[in-house]
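Peer 1: Below is a structure I'd like to ask you about.
Protein chains: 2
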Amino acid sequence: MSRREQLLAIAATLFAEKGFRNTTVRDIADAAGILSGSLYHHFDSKESMVDELLVPFQDELFGKYDAILASGDDARTKLEAAVRVSFEAIDQHPHEVAIFQNDADHLGTFERFGYLADRNAQSRQVWVSLIEEGVRTGVLRPDLDVTLTYRFIRDTVWVAVRWYRPGGGLSHTDVADQYVRILLDGIAIEGNDHG
Amino acid sequence: MSRREQLLAIAATLFAEKGFRNTTVRDIADAAGILSGSLYHHFDSKESMVDELLVPFQDELFGKYDAILASGDDARTKLEAAVRVSFEAIDQHPHEVAIFQNDADHLGTFERFGYLADRNAQSRQVWVSLIEEGVRTGVLRPDLDVTLTYRFIRDTVWVAVRWYRPGGGLSHTDVADQYVRILLDGIAIEGNDHG
DNA sequence: CACCCTACCAAGCATTTGCTTGGTATGCTG
DNA sequence: CAGCATACCAAGCAAATGCTTGGTAGGGTG
């Protein structure tokens, strides 16, 4: 691991913990045991650091989504796979997920980070297409509000980055199991339909 | 509406939009059409402003939770009521909810805002007790992981403040209807249990 | 008219912020 | 040993930040 990668990892931790704007270059430098000016030997700017964190992460994640969409599985299987891939991302790249969740809105106001809005739209496309296919092929309830269901899934999955800790008591597959079950079948006992 | 209340409303909007720390006293003053120093005629500090926003809001919300817990209804009805009251809070006090969601962690590091952690624990108590009662009385699935289910509900409900807009196409009761339905019965067609 | 309260301005201060500049120490390579 | 790249320090700058101070304008009240 190069010194540059070390510094980037330190920055990722701080950005995820305190937010991008609330993390100063002095915070990063202190955590690395150097002076703030020395960071600029390795990176152009503070913005470059987040950029280098987010771009490769998103490339990897959306590559996996694309593979799922391209598979020949049925809608329910693909939906489950997308959920599992997302929890896997939280497990493997918790800092990057947290940064994207917490700071995408703010970063998106800068030209340089215009791609964040594109990725957001792309994500929406993935989930909406899966939900629509599920309704069309009869594996999901036909009365679902697709947009609302999309938001429900998106929020439920990604917000887990706030409490999930890799290496803790629960594996990401454990969490995904439970979430998929609740999402698909609910928390009420079956057949106890009050609606 | 007193000048003081006007200024507080302006601050609430900005805190909710940009976060507490990323909102400067000059931002607030500019939006109000005065100079930043003039704010200190009305308020002691920037912290006092958030404080005055969060405390009354939380008093009101937890009063409603307490009333639900004290009612004689069955667990499913109480759980539904708690979800609906939460969406109502998002509808009526979107700024306060957003501030609490986005800045509670950061504010909580200051002594002055220690009550935020207490409220968080209290909220957990409300949801966990309802879920446990639901499992005990047989209206919820006995294999539920109570803690995970609590997080699922909490996150799902409150994160809606990120996209829900009062006065938009959907009322808060519409949203609550859909969320309760998904939460309790899932999105899959009934009886199509793959688990 | 004298007094006082509310609401604000004008100016500035100490600190923090991202970033720059010129320089030094260390180790590798030819 | 000369040359060069890597990794850092020391010092500081311009802008932004929360907040302070002393003052002014206007309206209501005795």
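Those protein sequences? They're chains A and B, same order as listed.
Take 4 as the starting number for the first sequence in our numbering and just add one per residue.
Take 4 as the starting number for the second sequence in our numbering and just add one per residue.
Idealized CB from N, CA, C, for every residue including glycine.
1) My output table needs one value for Leu-147 of chain A: the three-state DSSP class, helix, strand or coil.
2) What number of angstroms, rounded off, separates the C-alpha of Leu-10 of chain B from the C-alpha of Pro-169 of chain B?
3) When the cut-off is 8 Å and only beta carbons count, does Trp-166 of chain A lie next to chain B?
4) Please list the partners that Leu-186 of chain A has in chain B, where partner means a Cβ-to-Cβ separation under 7 Å.
5) Just to confirm, is the Cβ distance from Asp-158 of chain A to Asp-158 of chain B under 8 Å?
6) Would you tell me roughly how many angstroms separate the C-alpha atoms of His-44 of chain B and Thr-150 of chain B, rounded to the nearest one?
7) Does chain A have any CB closer than 8 Å to the CB of Thr-152 of chain B?
8) Strictly by DSSP, which residues pair up with Ala-163 of chain A?
9) Can you check whether the C-beta of Asn-123 of chain A is within less than 8 Å of a C-beta belonging to chain B?
10) Would you report the Cα separation of Ala-15 of chain A and Lys-49 of chain B, rounded to the nearest angstrom?
11) Got a sec: which bits of the segment 55-76 of chain A sit with their beta carbon under 9 Å from any beta carbon on chain B, in order along the chain?
12) What does a CB cutoff of less than 6 Å around His-175 of chain B pick up in its chain, not counting 5 residues either side in sequence?
13) With 16 other CB atoms within 10 Å as the buried threshold, where does Pro-97 of chain B fall?
14) Count the other CB atoms within 10 Å of the CB of Phe-113 of chain A; is the residue buried (16 or more) or exposed (fewer)?
15) Could you say which of A:Gln-181, A:Leu-147 and A:Gly-40 lies nearest to Asp-177 of chain B if we only look at CA atoms?
16) By Cβ distance, which residues of its chain are closer than 6 Å to Ile-102 of chain B, with the 5 residues on each side in sequence left out?
17) Out of curiosity, what's the CA-to-CA distance linking Gly-198 of chain A and Asp-180 of chain B?
18) On the DSSP bridge assignment, give the partners of Asp-12 of chain B in chain order.
19) Which chain B residues sit within Cβ distance under 7 Å of Thr-159 of chain A?
20) For Lys-81 of chain A, which residues from the same chain have a beta carbon less than 8 Å from its beta carbon, with the 5 sequence-adjacent residues on both sides left out?
21) Under the criterion of a Cβ to heavy atom distance below 7 Å, does Asp-77 of chain B qualify as lining the ligand FMN?
22) Could you check whether Ile-31 of chain B and Leu-38 of chain B sit closer than 8 Å to each other, using their CB atoms as the reference points?
23) Starting from Met-52 of chain B, follow the alpha helix (DSSP H) in both directions and report where the run begins and ends.
24) Are the C-beta atoms of Ser-147 of chain B and some chain A residue less than 8 Å apart?
Peer 2: Here's the rundown:
1) Within the first sequence, numbered from 1, the residue matching residue 147 of chain A stands at position 144. Residue state for Leu-147 of chain A is assigned as coil, using DSSP reduced to three classes.
2) Locating residue 10 of chain B in the second sequence gives position 7, counting from the first residue. Locating residue 169 of chain B in the second sequence gives position 166, counting from the first residue. Each residue's Cα considered, the two are about 21 Å apart.
3) Reading the first sequence from its first residue, position 163 is the one you call residue 166 of chain A. Yes, Trp-166 of chain A lies at the interface with chain B (some Cβ there is under 8 Å from its Cβ).
4) Looking up residue 186 of chain A in the first sequence gives position 183. Simply Gly-189 and Ile-190.
5) Here residue 158 of chain A corresponds to residue number 155 of the first sequence, with the count starting at 1. Here residue 158 of chain B corresponds to residue number 155 of the second sequence, with the count starting at 1. Yes, Cβ-Cβ distance for Asp-158 of chain A and Asp-158 of chain B is below 8 Å.
6) As a first step, residue 44 of chain B must be located in the second sequence, where it is residue number 41. As a first step, residue 150 of chain B must be located in the second sequence, where it is residue number 147. When rounded, the distance between both Cα atoms is 46 Å.
7) On the second sequence, residue 152 of chain B is found 149 positions in, with the first residue counted as 1. At least one chain A Cβ lies under 8 Å of Thr-152 of chain B.
8) Locating residue 163 of chain A in the first sequence gives position 160, counting from the first residue. According to DSSP, which records beta bridges pairwise, Ala-163 of chain A is partnered with nothing at all.
9) Translated into the one-based positions of the first sequence, residue 123 of chain A becomes position 120. No, Asn-123 of chain A lies away from the interface with chain B (no Cβ there is under 8 Å from its Cβ).
10) Here the question's residue 15 of chain A lines up with position 12 in the first sequence. Here the question's residue 49 of chain B lines up with position 46 in the second sequence. Their Cα atoms are separated by approximately 29 Å.
11) If the cut-off is 9 Å between Cβ atoms, the segment 55-76 of chain A has nothing near chain B.
12) Counting from one through the second sequence, the residue named residue 175 of chain B turns up at place 172. Once the five neighbours on either side are set aside, the close Cβ partners of His-175 of chain B are Phe-90, Glu-91 and Asp-94.
13) In the second sequence, counting from the first residue as 1, residue 97 of chain B sits at position 94. With 16 or more Cβ atoms within 10 Å of its Cβ, Pro-97 of chain B is classed as buried.
14) If you number the first sequence from 1, residue 113 of chain A lands on position 110. Flag for Phe-113 of chain A reads exposed.
15) Here residue 177 of chain B refers to the residue found at position 174 of the second sequence. It is A:Leu-147 whose Cα lies nearest to the Cα of Asp-177 of chain B.
16) Reading the second sequence from its first residue, position 99 is the one you call residue 102 of chain B. Counting only Cβ-Cβ distances below 6 Å, and skipping sequence neighbours, we find Phe-18 and Ala-19.
17) If you number the first sequence from 1, residue 198 of chain A lands on position 195. If you number the second sequence from 1, residue 180 of chain B lands on position 177. A caution first: Gly-198 of chain A carries a pLDDT of 47, below 50, which makes its placement in the model unreliable, though a value can still be read off. Taking the straight line joining both Cα atoms gives about 10 Å.
18) Locating residue 12 of chain B in the second sequence gives position 9, counting from the first residue. Per the sequence presented here, residue 12 of chain B reads as Ala, with Asp not at that position. Beta-bridge pairing links Ala-12 of chain B to no other residue.
19) The residue you call residue 159 of chain A lines up with position 156 of the first sequence. Neighbours of Thr-159 of chain A on chain B, chain order: Phe-155, Asp-158 and Thr-159.
20) Mapped onto the first sequence, residue 81 of chain A falls at position 78. Within the same chain, Lys-81 of chain A has close Cβ partners Ile-71, Leu-72, Ser-74, Leu-133 and Glu-136.
21) With respect to small molecules bound, the structure shown includes none, and the ligand FMN cannot be examined in it.
22) Position 35 of the second sequence, counted from the first residue, corresponds to residue 38 of chain B. Position 28 of the second sequence, counted from the first residue, corresponds to residue 31 of chain B. Against a cut-off of 8 Å, the Cβ pair of Ile-31 of chain B and Leu-38 of chain B comes out as no contact.
23) In the second sequence, counting from the first residue as 1, residue 52 of chain B sits at position 49. Segment 49-73, the alpha helix (DSSP H) holding Met-52 of chain B.
24) For the purposes of this step, residue 147 of chain B is identified with residue 144 of the second sequence, where counting begins at 1. The amino acid occupying residue 147 of chain B in the given sequence is Leu; Ser does not appear at that position. Interface residue, yes.
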